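Here is the structure we will look at.
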Amino acid sequence: MKANASRKEDIPPILFANGILGIRGFWKVSAVCEKLLALRNDVTPLGLGSMCSNFDNPLERAELAKSLNGFIFRDNVKALQQVLALPGVEGRCPFLLKRALEESPGSQKCIDFLSKKGPTTASIEVSSRAVSFMTRQSLKSLLDSKVITPDAWILCSDRADRPNILVGVSTSGEDSVPRKAVPLLVALIDAGKLDCAEFLFDAGARVDLCGWEETTNRDRGAVYVSTPGPLQALVSFLTKGWPHNLPRDKGLALLERFASRAREAGCAGWAVYPNASLGRAGRGDVTV
Numbered sequence: 003m004k005a006n007a008s009r010k011e012d013i014p015p016i017l018f019a020n021g022i023l024g025i026r027g028f029w030k031v032s033a034v035c036e037k038l039l040a041l042r043n044d045v046t047p048l049g050l051g052s053m054c055s056n057f058d059n060p061l062e063r064a065e066l067a068k069s070l071n072g073f074i075f076r077d078n079v080k081a082l083q084q085v086l087a088l089p090g091v092e093g094r095c096p097f098l099l100k101r102a103l104e105e106s107p108g109s110q111k112c113i114d115f116l117s118k119k120g121p122t123t124a125s126i127e128v129s130s131r132a133v134s135f136m137t138r139q140s141l142k143s144l145l146d147s148k149v150i151t152p153d154a155w156i157l158c159s160d161r162a163d164r165p166n167i168l169v170g171v172s173t174s175g176e177d178s179v180p181r182k183a184v185p186l187l188v189a190l191i192d193a194g195k196l197d198c199a200e201f202l203f204d205a206g207a208r209v210d211l212c213g214w215e216e217t218t219n220r221d222r223g224a225v226y227v228s229t230p231g232p233l234q235a236l237v238s239f240l241t242k243g244w245p246h247n248l249p250r251d252k253g254l255a256l257l258e259r260f261a262s263r264a265r266e267a268g269c270a271g272w273a274v275y276p277n278a279s280l281g282r283a284g285r286g287d288v289t290v
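In this text, residue positions in the sequence shown follow the numbering used here: the first is 3, and each later residue adds one.
What follows is the structure, encoded as structure tokens:
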């Protein structure tokens, strides 16, 4: 009888270790008792760290963003700290402090915590249009002067010709103008500035970041889509042809270097939805 009870107690840790619950399932199951609740402080695969194995799935990365924003909304600073303590998670979802200040001004505990972490690195001068004209020398100047860091983010929005609609706000029940944030490294790749991307990569830019797209809908609330990271963006770009300023052999060498660093960071298997549209996936996902 005692042995059977012991085996029952082993079931939740086994589920956690397999990573099949995801962040939402983990949070619900771990709330059952104090013993399981303590696993939220365990960043290994036997505890909260088990969710890291699910980040290959873009839906689970989107769930991460949604969960972090939910913690901020409820001013659950302990949960926010626990998830951000996971390897690689801090810095993966940008502008958390901005979101707290604008959308949850009463969440003082989270604001205090995120303020100590510091703001997301982004510069209004370095727009998506500026990226399209970037040179290695101008990028070097921006990095040397600390206007940006290697892990800087670029903010952009679809349908920019509709200034009467506030970004991220729905007034008609339809999807609002999507808010997009992409790592500078991804923005440079998408713009065909592979020489600049290589320079930023050598400066230490992270490859375990992905882009984000968000819209707000009256019925569904916030909808998050995880868009390609650096490795996935580079694969996509190189398969389109060669309209850029790097010789083919150098481009392939750069791809090999990206893949090597991505394997070290645990993100080489990240899948993306090539035709994702605000929560509605394309017919298939691509992994590299």
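Virtual Cβ for every residue (Gly too), placed ideally from N, Cα, C. From a predicted model like this one, the values you see are computed outputs, not experimental measurements.
Subject >> Nearest candidate by alpha-carbon position, reference tyrosine 226, set Ser32, Trp29, Pro96, Leu256 >> reply: Pro96
Subject >> Inside the segment 191 to 275 only - beta strand (DSSP E) runs reaching at least 3 residues >> reply: 213 to 219, 223 to 229
Subject >> Any C-beta of chain C under 8 Å from that of glutamine 83 >> reply: Protein chains in the displayed structure number just one, and chain C is not present.
**OP:** With DSSP collapsed to three states, give me the class of isoleucine 25.
**Re:** helix
Original post:
Roughly how many whole angstroms lie between the Cα atoms of tryptophan 214 and arginine 263?
Top reply: 21 Å
**OP:** Flag this pair as touching only if the segment 58 to 78 and the segment 98 to 111 have three or more C-beta atom pairs under 8 Å; answer yes or no.
**Re:** yes
Original post:
What is the rounded straight-line gap between the Cα of cysteine 269 and the Cα of leucine 236?
Top reply: 14 Å
**OP:** Look at the Cβ atom of leucine 50, then the Cβ atom of leucine 17, and state whether they are nearer than 8 Å.
**Re:** no
**OP:** Alpha carbon to alpha carbon, how far is leucine 66 from lysine 185? Give it in angstroms, no decimals.
**Re:** The residue asked about is misnamed: residue 185 is proline in this sequence, not lysine. If I take the Cα positions, the gap works out to 17 Å.
**OP:** Decide if threonine 137 is buried, meaning its Cβ has at least 16 other Cβ atoms within 10 Å, or exposed.
**Re:** exposed
**OP:** Quick one: give me the first and last residue of the beta strand (DSSP E) that lysine 148 is part of.
**Re:** Note, lysine 148: premise wrong, no beta strand (DSSP E); not H, not E.
**OP:** Helix, strand or coil for methionine 53, going by three-state DSSP, please let me know.
**Re:** helix
Subject >> Where alanine 207 falls, given that 16 or more other Cβ within 10 Å makes a residue buried >> reply: buried
Subject >> 8 Å contact criterion, which proline 230 and serine 238 should meet: CB distance rounded >> reply: 6 Å
Subject >> Contact check, valine 149 vs alanine 193, beta carbons under 8 Å >> reply: no
Original post:
Does the separation of the CB atoms of lysine 111 and valine 79 fall below 8 Å?
Top reply: yes
**OP:** Taking 8 Å as the cut-off, decide whether the C-beta atoms of cysteine 198 and leucine 190 are in contact.
**Re:** yes
**OP:** Could you give the DSSP three-state label for aspartate 153: helix, strand or coil?
**Re:** coil
Original post:
Out of curiosity, what's the CA-to-CA distance linking proline 47 and tryptophan 272?
Top reply: 18 Å
Subject >> Best match in Ser147, Pro249, Asp204, Pro121 for proximity to tryptophan 259 [C-alpha to C-alpha] >> reply: What sits at residue 259 in the sequence shown is arginine, not tryptophan. When each option's Cα is compared against that of arginine 259, the closest is Asp204.
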